[in-house]
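Number of protein chains: 4
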Amino acid sequence: MQTEPAADQNRAYSYLGPAGTFTEAALKQVAAAVGQEWRSVNNVGEALADVTSGRSTAAMIAIENSVEGGVSATQDALATVPGLRIIGEYLVSVNFVLVARPGTTLADVTTINAHPVAYAQCHTWLGENLPAHAHLPASSNVQAASSLLDGSIADAAIAPPGIVDHYDVEVLARDIGDNRNAVTRFVLVSSSRVLPEPTGADKTSLIIELPSDEPGALLAMLEQFSTRGVNLSLIESRPIGDALGRYRFVVDIDGHIRDERVADALLGLRRFSPNVIFLGSYPRADLQAVEYHAKYDDGIFIEARDWLRGLLSAEPEA
Amino acid sequence: MQTEPAADQNRAYSYLGPAGTFTEAALKQVAAAVGQEWRSVNNVGEALADVTSGRSTAAMIAIENSVEGGVSATQDALATVPGLRIIGEYLVSVNFVLVARPGTTLADVTTINAHPVAYAQCHTWLGENLPAHAHLPASSNVQAASSLLDGSIADAAIAPPGIVDHYDVEVLARDIGDNRNAVTRFVLVSSSRVLPEPTGADKTSLIIELPSDEPGALLAMLEQFSTRGVNLSLIESRPIGDALGRYRFVVDIDGHIRDERVADALLGLRRFSPNVIFLGSYPRADLQAVEYHAKYDDGIFIEARDWLRGLLSAEPEA
Amino acid sequence: MQTEPAADQNRAYSYLGPAGTFTEAALKQVAAAVGQEWRSVNNVGEALADVTSGRSTAAMIAIENSVEGGVSATQDALATVPGLRIIGEYLVSVNFVLVARPGTTLADVTTINAHPVAYAQCHTWLGENLPAHAHLPASSNVQAASSLLDGSIADAAIAPPGIVDHYDVEVLARDIGDNRNAVTRFVLVSSSRVLPEPTGADKTSLIIELPSDEPGALLAMLEQFSTRGVNLSLIESRPIGDALGRYRFVVDIDGHIRDERVADALLGLRRFSPNVIFLGSYPRADLQAVEYHAKYDDGIFIEARDWLRGLLSAEPEA
Amino acid sequence: MQTEPAADQNRAYSYLGPAGTFTEAALKQVAAAVGQEWRSVNNVGEALADVTSGRSTAAMIAIENSVEGGVSATQDALATVPGLRIIGEYLVSVNFVLVARPGTTLADVTTINAHPVAYAQCHTWLGENLPAHAHLPASSNVQAASSLLDGSIADAAIAPPGIVDHYDVEVLARDIGDNRNAVTRFVLVSSSRVLPEPTGADKTSLIIELPSDEPGALLAMLEQFSTRGVNLSLIESRPIGDALGRYRFVVDIDGHIRDERVADALLGLRRFSPNVIFLGSYPRADLQAVEYHAKYDDGIFIEARDWLRGLLSAEPEA
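Chains as they are written, first to last, in full-length UniProt numbering: chain A, 1 to 318; chain B, 1 to 318; chain C, 1 to 318; chain D, 1 to 318.
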């Protein structure tokens with residue numbers, strides 16, 4: 001694959017650690033990362049700094065959660081750190097387990113250590129099974145579990161299923177999340193400007209600033225896609241941060257920049273927007289072929305260009 | 001001017017005759033036609049056949065009247081005769097005079113010879129000044145006047161002001177048209193594929209067939225223009241002729257095909273429409289510079305293409 | 001039928017005469033006109049004046065031809081004469097015959113009397129069968145035939161097939177029109193403001209002036225229809241007449257003003273346009289039921305209004 | 001004001017406590033809450049439950065942060081808890097102070113207790129002034145400070161400026177947030193269905209589900225606003241939670257439901273969307289009068305309705 005370095009090269013992959021996180025589970029899906037150095041980092045900023053500095057070949061970061069929505073820190077980092085490209089997408093089911101020090105029973109649990117987001121996602125189960133518990137906030141899902149073995153006042157922790165591979169804790173309950181279908185979407189980010197080859201089941205990620213907050217600017221942006229038959233699979237607004245009411249949009253569209261309809265939509269966006277960031281075209285994790293109307297086929301675009309070129313190229317008669 | 005042949009070449013210009021018509025008045029505005037052969041023809045079909053056969057360098061034909069609207073015969077001929085290009089636009093004020101054989105007075109007039117269209121445009125004046133007249137239809141404005149000298153039963157005729165240069169008739173009344181601002185727009189049509197140079201005050205003429213009569217097809221066509229900031233100065237529907245409810249559209253837009261926004265709109269149209277005919281880009285008769293928003297400047301289009309090319313051109317690292 | 005007067009009432013119907021015209025053929029399709037007074041008039045202006053003055057109950061006028069397009073005189077009259085309503089639509093096949101005085105053969109024909117529009121529609125047949133003929137223009141199809149018996153210098157005339165019922169002429173050739181499928185659409189116009197009942201196969205006719213010639217005004221007008229799922233079956237631009245580039249639009253839409261989606265589109269148009277003329281809702285001549293997406297059903301509109309009314313009606317707590 | 005209960009009535013207001021939070025600062029801006037019972041609660045769910053159960057008259061909750069964006073928990077609660085209405089909007093500047101137990105100096109600080117969001121917003125200042133610190137996560141900004149006095153292992157805490165009114169802590173540094181213009185937008189939520197009176201400077205909040213993820217559904221939603229000249233001041237997508245790629249939209253628009261253009265846009269939305277939640281119309285915190293084009297004035301809407309009613313009301317002649 002031309003998008004990955006030669007096999008004999010040493011490579012490093014950064015991910016939000018420690019071992020046992022959902023991010024690690026995503027990185028395990030990357031064939032090229034097997035047997036390479038894995039760098040556990042503390043946050044998305046560190047992960048991306050590893051990539052831009054060249055310390056790592058790529059970084060795995062969470063970008064969207066089916067329950068919580070877009071990961072703001074990731075979206076904002078991708079909007080502000082230059083030179084990054086998404087080269088792959090990975091999905092991880094978000095299941096939580098309740099773990100405790102060996103020998104603890106559910107009846108013993110009065111205080112639960114948990115990251116606030118994970119805690120919120122287990123709200124229903126906790127209300128039914130441990131109505132009188134107290135919550136001790138943790139800085140990460142893994143830290144919640146590991147601190148049990150480290151003198152924490154908590155009796156139990158909410159953690160990813162993989163935690164038992166790394167820590168000597170026992171599972172008190174499985175699948176305690178409110179939404180059994182919860183999925184987190186991760187992206188593999190690199191600084192290489194080489195585009196992954198089109199596969200027919202591709203996605204293109206963009207960050208687009210609107211020209212102003214005039215009525216209809218968002219509408220005009222969306223028309224750049226609709227007039228080329230390009231479907232959006234994600235749209236999120238993020239505050240630019242300088243004032244209330246100013247937004248940039250994080251957008252995923254179906255298709256690859258090498259698809260004519262996508263390339264033409266990008267041209268339209270670039271002319272329209274004061275700032276459009278191309279985050280990359282890459283294969284979809286679900287491998288679903290992109291569907292679009294035949295009138296947006298590559299051939300239609302190429303034929304129209306040939307026609308226009310013919311009209312423009314006539315030379316004065318000698 | 002590269003759009004006109006060398007001065008030492010013999011050229012012919014066809015126009016709807018005979019001498020004295022508004023079409024002749026339009027042809028008199030063409031500098032390159034001075035001193036060349038002028039061919040008087042009977043209808044727009046003959047005029048265009050002269051061009052496609054090479055008998056004439058160009059033909060002057062009426063395309064739109066400010067009172068009557070588009071000239072259907074011209075619009076349909078341009079839609080069906082291949083290989084034609086509009087290379088110039090000319091405006092002629094449509095004023096009518098009432099003429100008679102020398103010695104006739106207004107009180108003598110009981111029957112008026114007139115082409116039905118001219119007759120209709122003088123309806124108000126005739127009602128006030130000759131309420132009891134009869135109408136004898138003529139096949140052209142000039143024939144109405146010339147037949148007075150040729151044994152016609154009519155006492156007077158409605159004709160263009162220039163008629164007195166060619167026939168021995170006297171003017172009984174001037175400016176008898178209902179609308180003093182009436183103007184007819186003429187176009188000079190050639191078979192040369194050389195584009196007139198952009199002047200900044202240009203117009204582009206198109207004939208566009210809609211992909212089907214599905215709801216929204218016309219809307220989608222218009223969006224091809226609006227998303228590029230291109231203004232329409234004319235839109236007319238014409239029946240394709242095979243069934244009620246099937247139309248093609250005659251469209252004039254502001255700008256020249258060498259303007260990036262116009263070229264991009266043409267690309268969009270060609271992809272959208274089963275049949276789009278480019279009739280030419282040419283200087284406007286009124287010489288009014290085309291106005292458009294700075295965000296549709298050529299530079300914006302060129303910059304966007306460069307940006308896209310940069311994204312697409314990254315090569316795999318060695 | 002509430003849209004037609006009581007049977008015992010005397011009524012008159014105006015039409016473009018004389019007897020034998022296509023317009024008379026259209027009027028023969030009107031059940032309520034059987035046995036009533038039929039007034040033959042000379043032009044559309046007279047026909048409409050009969051209606052506005054009360055001399056006639058209704059007038060039959062041609063509004064669109066599948067070959068020639070919209071009938072400009074009719075469209076302009078409907079745009080400027082106030083108080084008119086279309087209450088029915090009728091289709092007549094446009095076939096032409098070549099007629100002559102008894103005893104004449106095709107070989108005898110050198111001069112043909114014909115209305116210019118009919119003459120143009122027989123161009124192909126005439127070119128093949130009478131290549132050397134001369135054309136004498138007539139003011140109507142019937143007058144062309146009747147003048148044969150009245151000392152005309154012409155040998156033959158182009159006329160509607162029904163001519164033989166009224167004049168002692170012989171048919172030299174049938175179906176001489178270029179387009180065998182040519183159809184003319186007529187409308188029955190009244191001054192009654194009573195709406196014909198909805199039938200499910202209705203049409204609504206409108207004349208709409210655009211707010212200005214700013215880019216996108218036509219687009220904005222069409223969006224009034226598309227956002228309510230209303231299909232257009234006809235759109236024609238007509239010059240307003242005061243200057244080149246200023247248009248009004250003649251529009252036919254599928255559905256009846258008593259259909260919620262049509263009524264809401266009319267509200268939108270009225271807010272948008274400086275001048276919108278409602279010409280009437282009436283049954284389609286082809287009886288084809290109007291199709292539209294279920295999301296534009298009357299029930300959807302009614303439910304939304306009830307919902308809004310509920311939101312607005314909450315009273316302060318006592 | 002009819003939107004607030006009579007002054008002699010006992011009322012309670014819930015807010016995210018404890019005393020000293022930004023939410024309390026927002027509640028202090030509510031005139032009607034002065035001297036009433038204030039209920040400090042632990043999260044937005046409790047606050048809204050107080051309102052729906054009738055325990056509280058209203059609840060103050062954070063809905064948007066100029067740096068972090070929409071508050072997901074609030075947006076999702078408003079989308080799922082029925083019967084709620086926003087009746088007012090309040091802005092609070094988000095400034096942070098670093099506080100410690102009396103006697104502590106900046107040089108003494110090694111561990112900082114802070115809510116993760118507040119911690120993230122002080123990233124720059126901490127990096128420059130306390131590069132070697134450790135972070136102890138807290139469940140709220142106030143709890144971070146109060147725990148200092150309660151045996152916490154932390155040396156300092158990040159807290160709102162108002163903290164010093166409630167706890168015996170000393171300020172080590174002021175304005176330590178990265179963004180000096182950071183503002184949080186709060187809304188006052190009630191279960192009353194009485195609409196606040198229009199002021200000319202109003203906002204309307206909606207939650208809208210798209211009919212499907214078909215291309216163009218978001219575009220169609222936005223057209224409901226643009227065709228009525230209604231401006232959006234906020235648009236955020238939130239996952240519905242059942243699958244990746246399914247969104248609802250949180251939207252704030254300029255204007256009041258009693259403005260005709262807003263009411264008409266709501267009708268359009270209700271017809272379009274399978275689920276639209278009206279969260280209320282209420283005065284804007286910034287008191288800025290809503291600007292809109294004169295063609296969307298109430299009078300235009302009323303006149304159009306009168307016109308349509310006239311067309312529809314004609315009775316059959318007797």
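All C-beta atoms, glycine included, are put in the ideal place defined by N, C-alpha and C. Predicted model, so just to flag it, every value in this text is computed and none were measured.
According to DSSP, is V44 of chain C part of a helix, a strand, or is it coil? helix
Expected contact under 8 Å - CB spacing of A77 of chain D and V117 of chain D to nearest Å: Not confirmed; about 17 Å, so no contact.
Simplified DSSP state of A145 of chain A, which is helix, strand or coil: It is helical.
Reducing DSSP to helix, strand and coil, say where S53 of chain C ends up. helix
Under 8 Å from the C-beta of L219 of chain B: neighbouring residues of chain C: In chain order: L219, L222, E223, S226.
Just verifying my parser: in three-state terms, what is the DSSP assignment at E260 of chain D? helix
Is the Cβ-Cβ distance between S237 of chain A and E236 of chain D less than 8 Å? Closer than 8 Å, so yes.
Partners in chain C for I300 of chain D, counting only beta-carbon separations shorter than 7 Å: Chain C residues near I300 of chain D: R271.
Taking C-alpha atoms, which residue in B:H166, B:A265, B:G151 lies nearest to S205 of chain B? Put simply, of B:H166, B:A265, B:G151 the residue whose alpha carbon is nearest the alpha carbon of S205 of chain B is B:A265.
When burial is assigned at 16 or more other CB atoms within 10 Å of the CB, is L106 of chain C buried or exposed? exposed
Could you check if P196 of chain D is buried or exposed, using at least 16 other CB atoms within 10 Å of its CB as the buried criterion? Sixteen is the threshold: when 16 or more other Cβ atoms of the shown chains lie within 10 Å of the Cβ of P196 of chain D, as they do, the residue is buried.
Chain B beta carbons: is any one of them nearer than 8 Å to that of A304 of chain A? yes
So, helix, strand or coil for F186 of chain A, using DSSP? strand
Going residue by residue through the region 249-315 of chain B, where are the continuous beta strand (DSSP E) segments of at least 3 residues, counting only ones entirely within it? 275-283
Can the beta-carbon of A157 of chain B be found less than 8 Å from the beta-carbon of V99 of chain B? Their beta carbons are under 8 Å apart, which means A157 of chain B touches V99 of chain B by this criterion.
Starting from the C-beta of T74 of chain C, find all residues in its chain whose C-beta is less than 7 Å away, skip the five residues before and the five after it, and write them out in chain order. V44, I61, A62, I63, listed in sequence order.
Thinking C-beta only, is A144 of chain C closer than 8 Å to N113 of chain C? The answer is yes: Cβ separation under 8 Å.
My assumption, with CB atoms under 8 Å, is that Y296 of chain A sits in contact with R261 of chain A. Please give the rounded CB distance. 4 Å
Between the region 10-29 of chain D and the region 161-181 of chain D, do three or more beta carbon pairs fall short of 8 Å? yes
Taking 7 Å as the limit between beta carbons, can you name the residues of its chain near E284 of chain C, skipping five residues before and five after? The question names Glu, but residue 284 of chain C is Arg in the sequence shown. Exclusion of the five residues before and after R284 of chain C leaves E89, A201, D202, K203 as the residues of its chain whose Cβ lies within less than 7 Å of its Cβ.
Boundaries (first-last residue) of the beta strand (DSSP E) holding V99 of chain D: 97-100
In the DSSP output, what is residue 322 of chain C paired with across the bridge? No information on residue 322 of chain C is available, as it lies outside the stretch 1 to 318 that chain C covers here.
Inter-stretch contact (C-beta, 8 Å, three-pair minimum) for the region 48-59 of chain A and the region 207-224 of chain A: Touching, no, given that fewer than three Cβ pairs across the two stretches are closer than 8 Å.
Over the uninterrupted alpha helix (DSSP H) stretch that includes V117 of chain A, give me the two end residues. 116-121
Go ahead and pull the three-state DSSP assignment for L206 of chain D. strand
If we ignore side chains and look at the alpha-carbon of each, how far apart do E170 of chain C and S139 of chain B end up? 26 Å
Using the beta-carbon count (16 or more within 10 Å), is G83 of chain B buried or exposed? exposed
is_contact[S53 of chain D, chain A] using C-beta, thresh 8 Å: no
At a Cβ cut of 8 Å, what residues of the region 177-190 of chain C count as close to chain D, listed as they run along the chain? Among the residues of the region 177-190 of chain C, none has a Cβ less than 8 Å away from any Cβ of chain D.
Flag L84 of chain C as yes if its beta-carbon sits less than 8 Å from any beta-carbon of chain D, otherwise no. no
Closer than 9 Å at the beta carbon, the chain B residues around A144 of chain C: Residues of chain B passing the Cβ test: none, with the nearest at roughly 10 Å.
Straight-line Cα distance separating H133 of chain A from E209 of chain A: 45 Å
Is A318 of chain A helix, strand or coil when you go by DSSP? Residue confidence is low: A318 of chain A scores 43 on pLDDT, short of 50, so the model does not pin down where it sits. No coordinate-derived value is stated.
What does the Cβ neighbour count give for N65 of chain D, buried or exposed, with the cut at 16 atoms within 10 Å? buried
Taking just the CA atoms, how far does T184 of chain D sit from F96 of chain D? 13 Å
Outcome for N141 of chain B when other beta-carbon atoms lying within 10 angstroms are tallied against a minimum of 16: buried
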